[in-house]
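Residue numbers (mature numbering (1 follows the signal peptide of the UniProt record, and there is no 0)): -28 to -1, 1 to 399. We treat Cβ as the ideally placed atom computed from N, Cα and C, and that holds for glycine. Okay, so here's the structure we're looking at.
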């Protein structure tokens, strides 16, 4: 799944009932042993009629639409990460995030070179459409194409699931039902309004649909008809796809005429603790710190105004960047520093930019559970890690740097496996 789903307002009022229903089904099934599938299926159908249908009806979904959706309102037991009520199962923690492979692997030239060639070809193929999209939404074509490529391989990714079935299954037995329940209601609203046929709701295993990988609520809010055929078709229409991506970014605050950021050189010292969107400074102030464009030259003129923010996704062990607010708009599409950097860098490459100059460390070798234990220790010591989630975001990187500095060590702001465990065990 791409960008995070935010529950719609009405869900706040009904989600307590959903949580209670799930708790009762868990008790009814028993807390130990493997869940009986037939029993879970019965609980699921009772939940559909007792919880989902009343909430869908309040959002304008008709009984006819709800009945017609029935073929998709079935459990998909093949999805990863499910916890059936009463199973007592624990979902293995995902370790595929770039942070656990070391961020540098996300930017390997072996990955970028072929992707850049394809992206350039798509830019040429759809140049007129992209120019029209930029005129309307103010988002450069390179940024739009980079997201398109990252999300669905320019529309070539295989989407083997039905979005409504995915979100129905996950709303009932995912570890985060509060994320998927509003998406289930939004998917039913899509059908009610005639935006798409049920059979055409192709998605990933996370329920993200079509070429821009929109969850149902994002489709309702941001998908647009740009080819003028009267339909918002993010599955087959490239113009609709490109414009929908741009519309999403504009709605989240994209500032036309400003870059996402540039790679910089940062002087030696503990500057990595100055990272993050809460520590913005003017370009003049960053120059006073000795921050300069990587490779020499001048900063882009468009970076003279507004706040700029230091980004060091690998801490001192990787390249550094000064970014604008547009970088954080890219993070609204997918809440990941390396995702947003990937998109910005690929867009730059399409305009003739070169490879990232700074070298990435190959540090890694720790699990999400290891990072969570480290974060718990840092929080206990009074550090702000931005949430104990097992992910090395910018606040966790800052906290690592502060811990290192407090213990008389140079601040790298990015740990290896030994440091993760050392901090977790420290007192």
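Query                                                                                                                                                                               : Result
Compute the distance between the beta-carbons of residue 153 and residue 143, then report whether it is under 8 Å.                                                                  : yes
Return helix, strand or coil for residue 236, following the three-state DSSP convention.                                                                                            : strand
In whole angstroms, give me the CA-to-CA distance for residue 27 and residue 20.                                                                                                    : 10 Å
Using a 10 Å radius around the Cβ and a threshold of 16 neighbouring Cβ atoms, would you call residue 49 buried or exposed?                                                         : exposed
Use the C-beta contact count for residue 76: other C-beta atoms within 10 angstroms, 16 or more gives buried, fewer gives exposed.                                                  : buried
How do the stretch 271 to 289 and the stretch 330 to 341 stand: do at least 3 beta-carbon pairs fall below 8 Å, yes or no?                                                          : yes
Please classify residue -5 as buried or exposed, where buried requires at least 16 other C-beta atoms within 10 Å of its C-beta.                                                    : Bear in mind that the predicted position of residue -5 carries a pLDDT of just 38, short of 50, making it too unreliable to give a figure here.
Tell me whether the beta-carbon of residue 244 lies closer than 8 Å to the beta-carbon of residue 383.                                                                              : yes
Quick check on the DSSP output: what are the complete alpha helix (DSSP H) runs of length 4 or more inside the stretch 278 to 332, in order along the chain?                        : 297 to 305 and 309 to 322
Please confirm if the stretch 264 to 274 is in contact with the stretch 334 to 353, defined as three or more CB-CB distances below 8 Å between the two stretches.                   : no
Please classify residue -16: is it buried, with 16 or more other beta-carbons within 10 angstroms of its beta-carbon, or exposed?                                                   : Annotation note: pLDDT 43 at residue -16 (below 50); position unreliable, coordinate value reported separately. Exposed.
Going by the DSSP bridge assignment, what does residue 253 pair with across the sheet?                                                                                              : 280
Among the residues of its own chain, which have a CB less than 6 Å from the CB of residue 283, if the five just before and after it don't count?                                    : 293 and 295
If you drop the 5 nearest sequence neighbours on each side, which residues of the same chain put their C-beta closer than 6 Å to that of residue 310?                               : 70, 75, 78 and 285
Using only the alpha-carbon positions, how far apart do residue 157 and residue 36 sit?                                                                                             : 15 Å
For the alpha helix (DSSP H) holding residue 210, just list the boundary residues, first then last.                                                                                 : 210 to 223
Which of the three DSSP states is assigned to residue 144 in this structure?                                                                                                        : helix
First and last residue of the alpha helix (DSSP H) that includes residue 392?                                                                                                       : 389 to 397
To the nearest angstrom, how far is the alpha carbon of residue 126 from that of residue 364?                                                                                       : 29 Å
Tell me whether residue 54 sits in a helix, a strand or coil according to DSSP, three-state version.                                                                                : strand
Excluding the 5 residues preceding and the 5 following residue -8 in the sequence, name in chain order all residues of the same chain whose CB lies nearer than 8 Å to its CB.      : For residue -8, the predicted structure reports a pLDDT of 42, less than 50, and the residue's modelled location is therefore unreliable. A value from the coordinates is still provided. Once the five neighbours on either side are set aside, the close Cβ partners of residue -8 are 19, 22 and 23.
Buried or exposed for residue 81, please, with buried defined as at least 16 other CB atoms from any protein chain shown within 10 angstroms of its CB.                             : exposed
Contact between the stretch 117 to 131 and the stretch 311 to 322: three or more CB pairs below 8 Å?                                                                                : yes
Going by the DSSP bridge assignment, what does residue 264 pair with across the sheet?                                                                                              : 237
Just to check my reading of the structure: residue 110 and residue 266 have Cβ atoms closer than 8 Å, yes? What is that Cβ distance to the nearest angstrom?                        : Contact flag wrong, Cβ pair sits at about 27 Å.
Express the C-alpha separation of residue 113 and residue 103 in angstroms, rounding to a whole number.                                                                             : 7 Å
Around the C-beta of residue 211, are 16 or more other C-beta atoms found within 10 angstroms, so that it is buried, or is it exposed?                                              : buried
For residue 156, report the span of its alpha helix (DSSP H) as first-last.                                                                                                         : 149 to 164
With which residues is residue 243 paired in a DSSP beta bridge?                                                                                                                    : Answer is none; residue 243 lacks a bridge partner.
Taking the alpha carbon of residue 176 as the point to measure from, which residue in 135, 196, 208 and 169 has its own alpha carbon closest?                                       : 135
Could you check the C-alpha separation between residue 386 and residue 396 for me, to the nearest Å?                                                                                : 14 Å
Please go through the stretch 67 to 138 and give each complete beta strand (DSSP E) segment of 3 or more residues, from N-terminal end onward.                                      : none
What separation, rounded to the nearest whole angstrom, lies between the Cα atoms of residue 361 and residue 344?                                                                   : 6 Å
Assuming residue 322 and residue 392 form a contact by the criterion Cβ under 8 Å, report the distance between their Cβ atoms to the nearest whole angstrom.                        : With a Cβ gap of about 36 Å, residue 322 and residue 392 do not count as contacting.
Pull the bridge partners of residue 186 from the DSSP assignment, please.                                                                                                           : 181
Leaving aside the five residues before and after residue 218 along the sequence, list all residues of the same chain whose C-beta is less than 6 Å from its C-beta, in chain order. : 105, 109, 111 and 116
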